[in-house]
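In our numbering, the protein residues as written are 35 to 245.
Here a beta-carbon is modelled for each residue, glycine too, at the ideal position from N, C-alpha and C.
Just so you know, these numbers come straight off a predicted model, no measurement behind them.
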């Protein structure tokens with residue numbers, strides 16, 4: 035009986051914690067169509083994305099890569115594209131589990147200028163994380179091969195993440211992102227409430243065992 039009670043308590047705790055840290059995917063599909071218009075700020079799936087010049091690709095263009103749905107992109111043409119920074123719309127800390135990255139233009143387009151995608155994560159407390167993803171150059175538009183490559187990141191306790199395209203000479207380059215997998219970091223008071231609740235459950239279980 036006692037063993038079953040403890041197992042129940044642990045199971046309840048695991049269930050609650052898994053709910054608080056449940057992963058979500060940012061797809062940009064909830065943004066109203068704008069025919070690929072220039073953007074400086076959008077909100078998707080509870081996260082803000084801000085930059086000087088980028089696009090939500092929501093309308094078919096035969097010159098562009100395809101993810102099968104909406105995606106965010108920035109281009110190097112005429113130095114228009116710039117970095118984009120993502121933050122949680124409610125100000126919560128978050129974890130970046132992974133994302134899909136890709137080029138922008140299909141082969142043969144004169145505007146092609148890509149090499150890497152640089153991610154910079156700013157952590158709560160001042161830590162700075164950075165990783166560079168080499169774009170594989172595989173892109174053939176709708177159907178065929180996957181134009182986007184999935185990358186695992188695994189960063190935690192983030193205030194923001196900045197995405198920057200880099201070309202082969204180290205300047206700004208084309209990039210696209212989609213399917214950003216994130217989870218929120220529970221607030222300290224949430225843990226406190228959980229522990230308090232488990233304490234009550236534990237006390238009740240001990241009382242039942244004694245009686």
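Q.
Can you check which of these residues, 220, 125, 197, 219, is closest to residue 210 by C-alpha distance?
A. By alpha-carbon distance to residue 210, the top candidate from 220, 125, 197, 219 is 197.
(Q) Less than 7 Å between the C-beta atoms of residue 180 and residue 219, yes or no? (A) No, they are not a contact pair.
Q) Are residue 81 and residue 65 closer than 7 Å when you measure CB to CB? A) Their beta carbons are not under 7 Å apart, which means residue 81 does not touch residue 65 by this criterion.
Q) What are the partner residues of residue 59, as DSSP defines its beta bridges? A) Residue 59 is bridged to 215.
(Q) What does the alpha-carbon distance come out to for the pair residue 208 and residue 200? (A) Each residue's alpha carbon lies about 7 Å from the other.
**Q.** Element boundaries [beta strand (DSSP E), containing residue 33]
**A.** Nothing in the structure corresponds to residue 33, since the chain is present only between 35 and 245.
Q) Taking three-plus beta-carbon pairs below 8 Å as touching, is the segment 108-117 in contact with the segment 158-172? A) No, the segment 108-117 does not touch the segment 158-172.
Q) Do residue 184 and residue 57 have their C-beta atoms within less than 7 Å of each other? A) No, the Cβ-Cβ distance between residue 184 and residue 57 is not below 7 Å.
Q) Residues in its own chain within less than 6 Å of residue 107 by CB, not counting five upstream and five downstream? A) Cβ within range, chain order: 89, 91, 138, 210.
Q. Cα separation between residue 212 and residue 127?
A. Near 20 Å, if we compare the C-alpha coordinates of residue 127 and residue 212.
Q.
I'd like to check one pair, residue 193 with residue 158: are the Cβ atoms closer than 7 Å?
A. At a Cβ-Cβ threshold of 7 Å, residue 158 and residue 193 count as neighbours.
Q: Please look up how many angstroms separate the CB atoms of residue 148 and residue 105, rounded, as I've assumed it's under 8 Å.
A: Rounded, the Cβ-Cβ distance is 15 Å, inconsistent with contact.
Q | Reference residue 153, options 176, 141, 188, 142, closest by Cα | A | Taking residue 153 as reference, the option from 176, 141, 188, 142 with the minimal CA-CA separation is 188.
Q. Which term fits residue 145, buried or exposed, when burial requires 16 or more other beta carbons within 10 angstroms of its beta carbon?
A. When all chains shown are included, residue 145 counts as exposed.
Q | Reduced DSSP category for residue 112 - H, G, I as helix; E, B as strand; rest coil | A | Residue 112 carries a helical assignment under DSSP once its states are collapsed to helix, strand and coil.
Q: Ignore the nearest five residues each way along the sequence and tell me which others in residue 97's own chain have a CB closer than 7 Å to its CB.
A: Shown here for residue 97: same chain residues with a beta carbon closer than 7 Å to its own, the five before and five after excluded, namely 139, 140, 143 in chain order.
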